[in-house]
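In what follows, a structure is listed as structure tokens, so that the remarks can point back to it.
Residue numbers (the numbering used here), protein chains in the order written: chain A, 330 to 496; chain B, 422 to 585.
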């Protein structure tokens with residue numbers, strides 16, 4: 330009887346410890362959460378006019394002021410939060426079924442936990458601003474993040490092509 | 422209660438549990454290490470694969486042979502949750518170009534009976550493939566070439582071939 334009680338207590342302690350550990354907001358978890366928020370924001374429809382502007386500003390807020398988005402040749406690098414916001418504001422409003430998700434997210438923290446690198450697969454489905462008639466696209470991304478003011482922001486986004494188009 | 426137990430576990434619960442355990446173990450092995458289920462999205466492999474179709478890719482084929490021209494392959498993107506499905510048309514060391522939607526390898530046109538749809542603008546200058554590089558393209562050459570993902574893929578990214 331005593332042994333059974335000890336087993337129950339140990340099980341409960343293990344379960345509580347696991348629950349605390351799994352819900353503890355470590356830096357890696359914060360980064361994953363931030364990336365999920367970014368995907369959700371990219372999925373949102375800003376609507377025309379001011380709604381589109383507000384949505385673009387919200388999206389740009391995920392990036393550092395000097396962020397760089399490298400789409401690979403032949404496209405020029407997109408430099409700076411302002412440029413990202415301008416491009417987002419100019420893009421077409423996506424269709425109802427447009428969605429962005431991040432799969433296979435792997436996060437590596439840098440020294441001091443003030444920088445990090447995330448590798449993931451960005452999946453875009455539905456009819457979006459640049460997809461036209463396409464319904465699905467997936468790209469592997471390497472994202473360098475910084476934490477300049479208490480919140481993780483994207484500093485550099487580089488597309489890694491699984492299939493390299495000849496130039 | 423006993424009716425429900427009988428309904429789910431039958432007259433021999435132990436044997437039923439063993440059967441369920443074996444079924445789960447076999448499923449984990451088959452779908453974790455041998456067959457890769459892929460739900461296709463997009464139109465680049467029409468007419469063979471339509472969007473939302475479920476297909477299986479064999480992860481073991483390339484353990485004992487190298488990819489061949491004409492193979493339909495799964496190409497790993499990221500850690501592998503997402504794959505591209507394309508057809509191999511160029512092998513390592515070959516020179517590949519596309520003329521009016523027709524693949525030309527080392528100066529010779531490739532017979533591609535699986536390509537039913539072609540349109541204008543499908544031209545690509547000749548490129549030479551490196552030692553571990555394959556050239557992949559979809560069967561649907563009726564969409565705009567700019568919207569079609571095609572090109573060089575490294576051997577390590579080819580993770581399986583069409584199972585059947």
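Glycine included, C-beta positions come from ideal geometry on N, C-alpha and C.
None of these values were measured; they are calculated from a predicted model.
Residue 510 of chain B vs residue 558 of chain B beta-carbon contact at 7 Å: yes
CB contact below 7 Å: residue 377 of chain A versus chain B: no
Nearest candidate by alpha-carbon position, reference residue 474 of chain B, set B:439, B:463 and B:484: B:463
Span separating the alpha-carbon of residue 539 of chain B from that of residue 564 of chain B: 8 Å
Residue 454 of chain B versus B:503, B:440 and B:482, residue with shortest Cα-Cα distance: B:482
Residue 408 of chain A and residue 397 of chain A closer than 7 Å at C-beta: yes
Given residue 556 of chain B as reference, the closest of B:580, B:472, B:518 and B:568 once Cα atoms are compared: B:518
Neighbour flag for residue 452 of chain A against chain B, beta carbons, 7 Å: yes
Length of the line joining the Cα atoms of residue 486 of chain B and residue 507 of chain B: 18 Å
Segment limits, beta strand (DSSP E) that includes residue 436 of chain B: Counting along the chain, residue 436 of chain B falls outside any beta strand (DSSP E), though it belongs to the alpha helix (DSSP H) covering 434 to 450.
Anticipated Cβ contact below 8 Å, residue 470 of chain A with residue 486 of chain A, distance rounded: 6 Å
Inter-stretch contact at 8 Å, needing at least 3 Cβ pairs: the segment 347 to 359 of chain A / the segment 371 to 383 of chain A: no
Proximal chain B residues relative to residue 435 of chain A, where beta-carbon distance stays under 9 Å: 499 and 500
Buried/exposed call for residue 578 of chain B, threshold 16 Cβ in 10 Å: buried
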